[in-house]
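Visitor:
Protein chains in written order, with our numbering: chain A, 368 to 436; chain B, 368 to 436; chain C, 368 to 436; chain D, 368 to 436; chain E, 368 to 436; chain F, 368 to 436.
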């Protein structure tokens with residue numbers, strides 16, 4: 368499935384940290400940049416996401432802010 | 368100001384494309400990865416964002432999805 | 368690509384309405400329910416979305432509110 | 368209260384699953400389509416949401432992505 | 368309709384600025400604080416929002432970041 | 368760092384309630400208005416946010432809905 372989301376960045380899972388209903392996934396997208404994602408535990412189980420997996424980080428353009436200075 | 372947002376990635380503005388009320392900013396965050404941001408024209412004017420500027424891309428963890436396969 | 372987003376609903380595009388930088392896509396997901404999506408014009412062009420296309424509407428669980436009464 | 372959100376879909380609560388601070392609500396919106404919502408436990412308690420309740424699922428157009436293929 | 372959104376703040380519309388598909392609404396919520404909302408033109412027309420109207424600003428807790436310093 | 372987010376409102380932390388991975392922060396922004404924010408525990412620890420701290424509540428315009436009536 369191709370997606371409308373403007374940002375689809377490939378990376379490697381560094382860590383999966385499960386909470387009560389929400390998990391935090393840390394993904395290395397290269398050049399030492401780590402992106403953190405908060406998704407449901409259900410999604411983690413269904414996708415079988417674990418450390419060292421190759422994944423795509425997906426972010427809508429309207430969810431990206433710009434900081435200056 | 369330090370922010371709660373988990374993702375704060377430094378980059379360089381590649382392009383600013385203004386619409387009627389919303390602008391699209393393309394930021395090179397290294398390794399050939401371009402992040403697209405949709406912000407208000409008002410924000411673009413106020414921050415004075417333009418091509419070649421060094422900026423920080425800010426994204427909440429709950430706005431980052433994971434894709435597999 | 369399989370996605371972490373909890374809501375992935377199949378439907379048929381009813382209308383694509385382009386703005387200056389943002390388009391509004393109306394998708395019939397069955398039972399007379401229409402879902403409206405606001406995505407970038409760039410995404411519309413890249414995906415080639417047009418009326419009568421079969422698409423999937425994708426929504427994160429954390430973007431869904433509940434109303435009562 | 369009438370809302371600006373473009374998507375307001377009626378349905379019936381199928382399941383309420385409470386976490387530490389966040390609950391997941393599953394709502395049947397007809398034709399076998401289930402929508403999952405992640406809201407605060409506080410909201411669940413305040414609204415008194417429980418299985419079989421008739422509720423409205425509320426989603427902003429800018430939170431709806433489109434997938435193709 | 369009562370909503371799960373944790374933040375529902377009453378205010379008075381100061382300005383409605385229409386774009387091609389998106390409008391910016393500025394709402395005075397008291398103590399000199401102005402909140403800016405970006406909604407679809409369609410929502411503005413349907414709700415009939417105009418300056419001096421009494422409205423409620425609605426924001427999910429997961430869309431609120433914290434800045435320090 | 369100056370931010371593109373249209374809403375940056377100063378306030379005082381009233382309560383920090385930690386969950387398994389997500390915390391809820393309640394901020395008094397004046398005139399008796401309390402804003403609730405859901406951020407990661409990690410962010411709370413890193414910023415050292417606690418009751419009585421002076422903070423800034425940051426919200427994108429596209430995350431603000433309007434309710435009427």
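Don't be surprised by glycine CBs; every beta carbon is placed ideally from N, CA and C.
Measuring only the C-alpha atoms, how far is residue 378 of chain E from residue 415 of chain E?
Guide: By 1-based counting over the fifth chain, the position of residue 378 of chain E is 11. By 1-based counting over the fifth chain, the position of residue 415 of chain E is 48. About 16 Å.
Visitor: Can you find a C-beta in chain C that's less than 8 Å from the C-beta of residue 373 of chain E?
Guide: Counting from 1 along the fifth chain, the entry for residue 373 of chain E is found at position 6. Closer than 8 Å: no.
Visitor: Quick check on residue 430 of chain A: buried or exposed, where buried means 16 or more other Cβ atoms within 10 Å of its Cβ?
Guide: Walking along the first chain from the start, residue 430 of chain A turns up at place 63. Residue 430 of chain A is buried by the Cβ-count criterion.
Visitor: Got a sec? Which residues, its chain only, sit under 7 Å from residue 381 of chain B by beta carbon, not counting five neighbours each side?
Guide: Here residue 381 of chain B is taken as the residue at index 14 of the second chain, counted from 1. Same-chain partners within the cutoff: 393, 394, 395, 401, 418.
Visitor: May I ask which residues mark the beginning and end of the alpha helix (DSSP H) holding residue 410 of chain F?
Guide: What you label residue 410 of chain F is simply residue 43 of the sixth chain in a count that begins at 1. First-last of the alpha helix (DSSP H) with residue 410 of chain F: 408-414.
Visitor: If I measure Cβ to Cβ from residue 420 of chain B and keep anything under 8 Å in the same chain, skipping five residues before and after, which residues do I get?
Guide: As a working note, residue 420 of chain B is residue 53 in the second chain. Cβ within range, chain order: 379, 380.
Visitor: Nearest-angstrom Cα distance between residue 433 of chain E and residue 374 of chain B?
Guide: Position 66 of the fifth chain holds residue 433 of chain E. Position 7 of the second chain holds residue 374 of chain B. Distance between the alpha carbons of residue 433 of chain E and residue 374 of chain B: 13 Å.
Visitor: Quick check on residue 372 of chain A: does DSSP put it in helix, strand or coil?
Guide: Along the first chain, one-based indexing puts residue 372 of chain A at 5. In the structure shown, residue 372 of chain A sits in coil (DSSP, three-state: anything other than H, G, I, E or B).
Visitor: Can you tell me which of C:390, C:368, C:370, C:435 puts its alpha carbon nearest to the alpha carbon of residue 411 of chain C?
Guide: In the third chain, the residue the question calls residue 411 of chain C occupies position 44. It is C:390.
Visitor: Can you tell which of C:407, C:403, C:428, C:398 has its C-alpha closest to the C-alpha of residue 386 of chain C?
Guide: What you label residue 386 of chain C is simply residue 19 of the third chain in a count that begins at 1. For the residues C:407, C:403, C:428, C:398, the minimum Cα distance to residue 386 of chain C belongs to C:407.
Visitor: Out of E:399, E:426, E:405, E:370, point me to the one whose CA is closest to residue 317 of chain E's CA.
Guide: Look at the range of chain E in this structure, 368 to 436, and you will see that residue 317 of chain E is not part of it.
Visitor: Spell out the partners DSSP gives residue 437 of chain A in its beta bridges.
Guide: As displayed, chain A neither begins before 368 nor continues past 436, which places residue 437 of chain A out of reach and without an answer.
Visitor: Run down chain B in chain order and give the residues with a C-beta less than 8 Å from the C-beta of residue 397 of chain A.
Guide: For this step, residue 397 of chain A is matched to residue 30 along the first chain. Under the 8 Å cutoff, chain B gives 397, 398, 400.
Visitor: What are the boundary residues of the beta strand (DSSP E) that residue 434 of chain C is part of?
Guide: Residue mapping note: residue 434 of chain C aligns to position 67 of the third chain, counting from 1. Its beta strand (DSSP E) spans residues 432-435.
Visitor: Shorter than 8 Å from the beta carbon of residue 369 of chain F to some beta carbon of chain B?
Guide: Here residue 369 of chain F is taken as the residue at index 2 of the sixth chain, counted from 1. So yes, residue 369 of chain F belongs to the interface.
Visitor: Residues in the same chain with beta-carbon distance under 6 Å from residue 428 of chain B, minus the five sequence neighbours each way, listed in chain order, please.
Guide: Translated into positions along the second chain, residue 428 of chain B becomes position 61. 373, listed in sequence order.
Visitor: Give a yes or no on whether the C-beta atoms belonging to residue 397 of chain D and residue 398 of chain C are separated by under 8 Å.
Guide: Your numbering for residue 397 of chain D matches position 30 in the fourth chain. Your numbering for residue 398 of chain C matches position 31 in the third chain. Their beta carbons are under 8 Å apart, which means residue 397 of chain D touches residue 398 of chain C by this criterion.
Visitor: Going along the chain, which residues of its own chain have a beta-carbon closer than 7 Å to the beta-carbon of residue 424 of chain D, five neighbours each way excluded?
Guide: Numbered from its first residue, the fourth chain carries residue 424 of chain D at position 57. Excluding sequence neighbours, residue 424 of chain D sits near 376, 378, 394, 396, 402, 404.
Visitor: Since residue 423 of chain B is in the beta strand (DSSP E), which residue starts that stretch and which ends it?
Guide: Taking the second chain and counting its residues from 1, the one referred to as residue 423 of chain B is at position 56. Start and end: 421-426.
Visitor: For chain A, check one thing: does any of its Cβ atoms lie closer than 8 Å to the Cβ of residue 386 of chain B?
Guide: Position 19 of the second chain, counted from the start, is the residue given in the question as residue 386 of chain B. With 8 Å as the cut-off, residue 386 of chain B does not count as an interface residue toward chain A.
Visitor: With 8 Å set as the bound, which would you pick, yes or no: does the beta-carbon of residue 410 of chain D sit closer than that to a beta-carbon of chain E?
Guide: Position 43 of the fourth chain, counted from the first residue, corresponds to residue 410 of chain D. Yes, residue 410 of chain D counts as interfacial toward chain E.
Visitor: Name the one or two DSSP bridge partners that residue 429 of chain C has.
Guide: Residue mapping note: residue 429 of chain C aligns to position 62 of the third chain, counting from 1. For residue 429 of chain C, which the question treats as bridged, DSSP gives no partner whatsoever.
Visitor: Please compile the residues from chain B whose C-beta is within a distance smaller than 9 Å of the C-beta of residue 377 of chain C.
Guide: In the third chain, counting from the first residue as 1, residue 377 of chain C sits at position 10. The contacting residues do not exist; residue 377 of chain C stays about 18 Å from chain B at best.
Visitor: In the structure shown, what three-state DSSP assignment does residue 388 of chain D receive?
Guide: Locating residue 388 of chain D in the fourth chain gives position 21, where the first residue counts as 1. Coil at residue 388 of chain D, not helix or strand.
Visitor: If we ignore side chains and look at the alpha-carbon of each, how far apart do residue 426 of chain A and residue 369 of chain A end up?
Guide: By 1-based counting over the first chain, the position of residue 426 of chain A is 59. By 1-based counting over the first chain, the position of residue 369 of chain A is 2. Residue 426 of chain A and residue 369 of chain A: Cα-Cα distance of roughly 13 Å.
Visitor: Beta-carbon of residue 425 of chain F versus every beta-carbon of chain H: anything under 8 Å?
Guide: In the displayed structure, chain H is absent; the protein chains listed are A, B, C, D, E and F.
Visitor: Which residues of chain F have a Cβ atom closer than 8 Å to the Cβ of residue 429 of chain D, listed in chain order?
Guide: Looking up residue 429 of chain D in the fourth chain gives position 62. The contacting residues are 429.
Visitor: CB-CB under 7 Å to residue 422 of chain D, same chain, minus the five flanking residues each way: which ones, in chain order?
Guide: Working through the fourth chain from its first residue, we reach residue 422 of chain D at position 55. Closer than 7 Å at the Cβ level, and outside the excluded window around residue 422 of chain D, lie 378, 380, 394, 416.
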